[in-house]
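First the structure, in the form of structure tokens, and then the observations on it.
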Amino acid sequence: MELSTTPSKPEITLEEIHSFKGKYPKQLWYLFTVEMWERFCFYGMRGILTIFMIDQLLVPKQDAILQYAAIQSFVYAFTFVGGIFADKVLGFKKSLIFGAIMMVLGNALVAIAPDSLFYVGISLVVIGTGFFKPNVSSMVGELYRDGDPRKVAGFGMFYSGINIGALLGGILCVYLGKYVSWGLAFGAASFVMLVGLTIFSITKRQLGPIGNSPLAGMPKKQRYLRELLTYVVAIIAVPLIYILVQETTYTDYFMAIIGPAALVYFFIKYFQEKDAAVRSKLLAALIFILFSVAFFALFEQAGGALAAFSKDYLDHTLLFFQVDPNAVNNSANAFFVIIFSPLLGLFWVWLNRKKKEPNTVVKFGIGFILLALSYIVFYTLLFYINAEGKTSLNVFTGGYFVMTLAELCISPIGLSLITSLSPKKLGGMMMGLWFLGSAYGQYFAGMLGTTVLPVLSEQPSLEELVTYCGGFKTLAIGVFGVAILMFVLIPVMKKLMREVK
Ligand code: GLN
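Written as structure tokens, this is what we have:
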């Protein structure tokens with residue numbers, strides 16, 4: 360006698376996903392939410408790290424700042440490794456789930472014992488983010504058929520989700536940590552990560568074949584063995600990160616090795632590629648990534664020099680309200696992104712319909728011009744200094760608005776572009792390389808901040824305020840130079856990008 364079983368619903372096909380009607384595929388909303396919670400956890404943790412180390416772990420201030428910078432660089436640097444493992448062994452879905460579990464555990468460990476397990480927990484979070492972060496963006500890219508002009512709007516919306524998480528996490532975790540308990544702040548990060556993981560586990564079926572294991576054709580036993588090996592390698596890396604984070608003298612060595620090693624790996628893959636068109640697009644992607652390093656080096660002044668500047672030199676009036684300038688420094692960018700990212704995304708689609716959408720190289724060029732303008736706005740703070748030696752928070756916020764527009768011409772567009780320029784089998788690695796670019800941006804931001812925007816003394820002084828403004832002008836001039844270079848490269852880049860716009 361045969362048992363009658365209800366046939367399970369067949370998996371959604373790629374063709375069905377690609378032929379969505381309207382502006383956004385429904386899967387975008389699932390990935391949006393998952394990434395939103397991950398960014399809540401990431402930016403929440405980022406917001407409290409330095410204060411936690413100084414106040415709770417009693418790490419000397421200078422060491423805490425260096426350790427914070429090391430953690431930031433490592434988090435983005437490991438996306439490169441995570442991307443490669445996703446391409447070769449795990450696939451985006453499994454990689455993301457593994458990364459999320461590491462992040463849940465990492466934050467939970469710190470929540471349970473903030474004093475003794477902090478560095479172990481953080482090391483887990485670093486590796487976890489490496490496996491998680493690049494792969495969500497890669498999956499967003501795969502929701503679209505090649506050449507679908509709606510992709511850029513999808514990334515615009517997705518980027519908004521990133522920043523909703525960043526804003527909420529930044530506010531809530533800092534509040535919990537400072538006023539309730541550190542344990543609860545890390546606990547909240549762990550909890551929301553668990554929420555993200557649960558949402559992904561429930562909705563991942565809707566992604567059909569997107570993000571499935573690249574080893575699907577391999578015998579199960581062999582495949583599991585490789586997967587297991589990947590997990591083991593990742594876990595073995597935890598003690599290594601544990602050491603690197605605390606011994607910040609190693610950070611420079613690490614950064615001196617990982618970038619060149621990634622480039623060597625990139626060029627091995629590049630020369631192995633037989634198809635000239637694929638090679639040419641890979642090269643274009645690499646050039647965009649190098650430009651993104653310059654962008655993030657200036658953009659990331661937000662957490663360093665601009666934060667220090669807001670603490671000492673801004674008045675407390677924003678329009679008709681009294682606000683803390685550091686709160687503005689920490690949240691204005693995310694706030695502006697949430698509102699303007701989807702709008703700008705739809706604006707590109709609208710231009711596309713009118714056949715007037717600029718090429719990505721032009722958008723990047725505009726991004727650099729806007730970035731330079733934002734630093735010009737910061738420079739003009741020099742003309743608003745009042746009798747108390749403070750300058751205008753309104754103008755400063757205006758500078759952030761322009762900087763956010765710059766970011767929107769580069770960061771979400773860069774994500775979209777990487778998914779268009781990379782062949783499927785290298786998608787994870789290339790997205791990882793994009794974020795490795797951010798790691799270097801972050802790393803150079805520290806160096807740039809201390810040389811162009813040096814702290815003159817422990818006490819705020821008019822002289823220092825003037826030095827800061829002069830530094831903003833120098834940075835603006837430098838960025839104009841980068842913008843010109845980008846515009847000069849337009850014909851070369853267009854050729855390299857082939858059919859990709
Ligand atoms: N703010 C964006 C994010 O968190 C961009 C980060 C980056 O590439 N440096 O995803």
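Counting in this note's numbering, the sequence shown runs from 360 upward without gaps. We treat Cβ as the ideally placed atom computed from N, Cα and C, and that holds for glycine.
Closest to residue 806 by CA distance: which of 819, 466, 425, 408 is it?
As a working note, residue 806 is residue 447 in the sequence shown. The shortest Cα separation from residue 806 among 819, 466, 425, 408 belongs to 425.
In angstroms with no decimal places, state the Cα-to-Cα distance between residue 444 and residue 423.
In the sequence shown, counting from the first residue as 1, residue 444 sits at position 85. In the sequence shown, counting from the first residue as 1, residue 423 sits at position 64. The alpha-carbon atoms of residue 444 and residue 423 are separated by roughly 31 Å.
How about residue 797: is its Cβ closer than 7 Å to a heavy atom in the ligand GLN?
Mapped onto the sequence shown, residue 797 falls at position 438. Indeed, a heavy atom of the ligand GLN lies less than 7 Å from the Cβ.
Where does residue 360 fall in DSSP's three states?
The residue labelled residue 360 in the question sits at position 1 within the sequence shown. For residue 360, the pLDDT reaches just 44, beneath the cut-off of 50, and the residue's location in the model is therefore unreliable, although a value from the coordinates is still provided. Residue 360 falls in the coil class under three-state DSSP.
Kindly indicate which residue of 721, 815, 824 has the alpha-carbon position closest to the one of residue 773.
Reading the sequence shown from its first residue, position 414 is the one you call residue 773. Among 721, 815, 824, the Cα nearest to that of residue 773 belongs to 721.
Closer than 8 Å is the cut-off here; do at least three beta carbon pairs connect the region 721 to 741 with the region 680 to 690?
no
Compare the C-beta of residue 800 with all C-beta atoms of chain D and state if any pair is closer than 8 Å.
Considering every chain present, this structure includes no chain D. It has just one protein chain.
In terms of DSSP beta bridges, what is residue 673 paired with?
If you number the sequence shown from 1, residue 673 lands on position 314. Paired residue(s): 750.
Around the C-beta of residue 719, are 16 or more other C-beta atoms found within 10 angstroms, so that it is buried, or is it exposed?
As a working mapping, residue 719 is identified with position 360 in the sequence shown. Buried, because 16 or more other Cβ atoms sit within 10 Å of the Cβ of residue 719.
For residue 612 and residue 762, I'd like the C-alpha separation in whole angstroms.
Position 253 of the sequence shown, counted from the first residue, corresponds to residue 612. Position 403 of the sequence shown, counted from the first residue, corresponds to residue 762. So the two alpha carbons sit approximately 31 Å from each other.
Range covered by the alpha helix (DSSP H) that runs through residue 796:
Translated into positions along the sequence shown, residue 796 becomes position 437. 786 to 811 is the span of the alpha helix (DSSP H), which, as asked, contains residue 796.
Residue burial classification, residue 577 (beta-carbon count within 10 angstroms, cutoff 16)
Indexing the sequence shown from 1 puts residue 577 at position 218. By the 10 Å Cβ count, residue 577 comes out exposed.
State the Cα-Cα distance for the pair residue 842 and residue 541, rounded to the nearest angstrom.
By one-based count along the sequence shown, residue 842 stands at place 483. By one-based count along the sequence shown, residue 541 stands at place 182. So the two alpha carbons sit approximately 43 Å from each other.
Which residues in the same chain as residue 627 place their Cβ atom closer than 8 Å to its Cβ, once the five residues preceding and following it in sequence are excluded?
Taking the sequence shown and counting its residues from 1, the one referred to as residue 627 is at position 268. So no residue of the chain qualifies.
Give the DSSP-derived three-state secondary structure of residue 854 in the structure shown.
Position 495 of the sequence shown holds residue 854. The answer is helix: DSSP assigns residue 854 an H, G or I state.
Residue 459 to residue 437, Cα distance in whole Å?
In the sequence shown, counting from the first residue as 1, residue 459 sits at position 100. In the sequence shown, counting from the first residue as 1, residue 437 sits at position 78. Going by the C-alpha atoms only, they are around 14 Å apart.
To the nearest angstrom, how far is it from the Cα of residue 473 to the Cα of residue 639?
Looking up residue 473 in the sequence shown gives position 114. Looking up residue 639 in the sequence shown gives position 280. Between residue 473 and residue 639, the C-alpha separation is close to 49 Å.
Taking 8 Å as the cut-off, decide whether the C-beta atoms of residue 650 and residue 731 are in contact.
Taking the first residue of the sequence shown as 1, we reach residue 650 at position 291. Taking the first residue of the sequence shown as 1, we reach residue 731 at position 372. No, the pair does not count as a contact, with Cβ atoms beyond the cut-off.
Of the residues 803, 686, 398, the one placed nearest residue 615, counting alpha carbons only:
Looking up residue 615 in the sequence shown gives position 256. Cα-wise, what sits closest to residue 615 is 803.
Compute the minimum distance between the beta carbon of residue 770 and the heavy atoms of the ligand GLN, and state whether it is under 7 Å.
As a position in the sequence shown, residue 770 is number 411, starting the count at 1. Yes, since a heavy atom of the ligand GLN falls inside the 7 Å radius drawn around the Cβ of residue 770.
Let me check you understand the geometry: is the CB of residue 712 closer than 7 Å to at least one non-hydrogen atom of the ligand PLP?
No copy of the ligand PLP appears in this structure; the ligands present are the ligand GLN.
Since residue 680 sits in a beta bridge, which residues does DSSP pair it with?
By 1-based counting over the sequence shown, the position of residue 680 is 321. Residue 680 pairs with 677.
Can you have a look at residue 776 and say buried or exposed, based on whether 16 or more other CB atoms are within 10 angstroms of its CB?
The count along the sequence shown starts at 1 and reaches residue 776 at position 417. Looking at its Cβ environment, which holds 16 or more other Cβ atoms inside 10 Å, residue 776 is buried.
Just to confirm before moving on: does the CB-CB distance between residue 581 and residue 502 stay below 8 Å?
Looking up residue 581 in the sequence shown gives position 222. Looking up residue 502 in the sequence shown gives position 143. Result no, Cβ atoms of residue 581 and residue 502 do not sit closer than 8 Å.
Simplified DSSP state of residue 578, which is helix, strand or coil:
Looking up residue 578 in the sequence shown gives position 219. Of the three classes helix, strand and coil, the one that applies to residue 578 here is coil, per DSSP.
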